[in-house]
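Quick note, in this note's numbering, the sequence shown goes up one by one and the last residue is 242.
Structure first, commentary second.
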Amino acid sequence: MSESDEEKFFSAKLKVERARSHIRELSNNIVDYLKSKPFKVVITQHPGSKEQLWMLRVRHDIPRVYAAIIGDVIHNLRASLDLLATELVTKSGGDPNKIYFPFGNDETSLDNMIKRRGIDQAGKEIVGLIKSLKPYKGGNELLRGLHDLDITDKHKSLIPVAHYVGLKNIKTTNASGGVTIIQNMHCGPITDGMVLAILPPVNNFAVGQSFTPSLKLTLNEEILKTDEDIIQLLNRLVTMVEGIICQFEKHLEEPGKAK
């Protein structure tokens, strides 16, 4: 296959597909983990009173291997952007060595990073498209977050946490006929022994009784400040990177552009 016949941004797309593969692996692992009912809510007696403590207990910790899979997803997506930048420079006749997709701390510093990362060799129109993506703090937070997560993963593991416990439509009745309805309770990150509620003695829930709460795993990082389900977040990052590649692909398809 000649260079002209090769699919545009093949290497960048390959990294994205690899990220998707890791997400599928993680998703399957999480499904199996949640099926094992790793968390439960136990009703205990409040010391020194008749009140009930609804306490969260952790049966099985979140497998630490998930952190490695998440790191692989993040790194492949970040590498995809560098490969995209390298090919853009190559197609413009520039030097493809030591080319990186630029990120700035703010809009002003982005101009300097565009030069330092060598992407300015791709021409003014490509630089303009990159600037429109706002890859800096205070700009496109998801895009900048991908870059920061990749840096973080080089220094510590991106360990997910169970950030949400759902107690929905729970109705309790006490001896005097009073009714308490819990429509939607959530909290997190979850820790073993966390008290979810303190209730007066109720007739329909006995001390010693336990049940399984609904929950989701999230990425407990200040970088993106979200309690979004980890699989949904990773898929959003994939969609974002695919959209960026598509944007540059369409640009090169315009008449008169470098092929």
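Quick reminder that beta carbons are idealized off the backbone N, C-alpha and C, glycines included.
Since this is a predicted model, take the numbers as computed values, not measurements.
Give the single residue among the options whose Cα lies nearest to the Cα of residue i.
i      : options                : result
P196   : D210, N187, L179, K208 : L179
I206   : S63, R127, R99         : R127
K23    : L112, L217, M177, T209 : M177
E124   : M38, L(-3), N187, N88  : N88
E0     : H138, S75, V56, R99    : V56
A50    : V144, N218, P184, V190 : V144
K117   : E232, F86, I109, D136  : F86
L121   : E108, I109, S92        : Sequence check: residue 121 is Gly here, not Leu. Out of E108, I109, S92, S92 has the C-alpha closest to the C-alpha of G121.
G101   : E70, D131, P46, R40    : E70
R40    : E232, N203, F194       : F194
C170   : I142, D136, D210       : D210
E(-10) : I181, R47, T201, K74   : K74
S115   : E90, L132, K137, E204  : E90
R47    : T222, P30, I142, Q215  : I142
A62    : I214, L132, Q215       : L132
So, is residue i buried or exposed, given that buried needs 16 or more other C-beta atoms within 10 angstroms?
i     : result
P172  : exposed
P238  : exposed
G226  : exposed
A(-5) : buried
N80   : exposed
F(-8) : buried
I6    : buried
I82   : buried
I228  : buried
V190  : exposed
I109  : buried
T222  : exposed
I181  : exposed
Just how far apart, CA to CA, sit residue i and residue j?
i    : j     : result
Q35  : K20   : 23 angstroms
V72  : N12   : 39 angstroms
F84  : A2    : 18 angstroms
Q192 : I26   : 6 angstroms
Q230 : L220  : 15 angstroms
D44  : Y16   : 9 angstroms
I113 : D212  : 29 angstroms
A105 : I97   : 10 angstroms
W37  : K(-2) : 46 angstroms
Y119 : N95   : 12 angstroms
D175 : P183  : 23 angstroms
V185 : I134  : 51 angstroms
N187 : K33   : 15 angstroms
K139 : L198  : 25 angstroms
G54  : E8    : 13 angstroms
N218 : L64   : 16 angstroms
L67  : L60   : 11 angstroms
E236 : D136  : 36 angstroms
Which residue or residues does DSSP assign as beta-bridge partners of residue i?
i    : result
I13  : The partner list for I13 (beta bridge, DSSP) is empty, contrary to what the question assumes.
L200 : A145
G87  : Y119
Q28  : Q35
K23  : R40
F194 : V24
How would you write the range of the alpha helix (DSSP H) that residue i sits in, first residue to last?
i    : result
F222 : In the sequence on display, residue 222 carries Thr and not Phe. Here the alpha helix (DSSP H) through T222 covers 213 to 236.
R40  : R40 -> not in any alpha helix (DSSP H); beta strand (DSSP E) instead, spanning 35 to 41.
I53  : 48 to 74
L126 : 124 to 136
L93  : 90 to 99
Assuming residue i is part of the beta strand (DSSP E), what are its boundary residues?
i    : result
V190 : V190 -> no beta strand (DSSP E), and no H or E assigned at all.
V110 : No beta strand (DSSP E) contains V110, which is instead part of the alpha helix (DSSP H) from 107 to 115.
L182 : 178 to 182
Could one say the Cβ of residue i lies closer than 7 angstroms to chain B's Cβ atoms, at least one of them?
i   : result
H58 : In summary, chain B is missing from the structure at hand, where a single protein chain is found.
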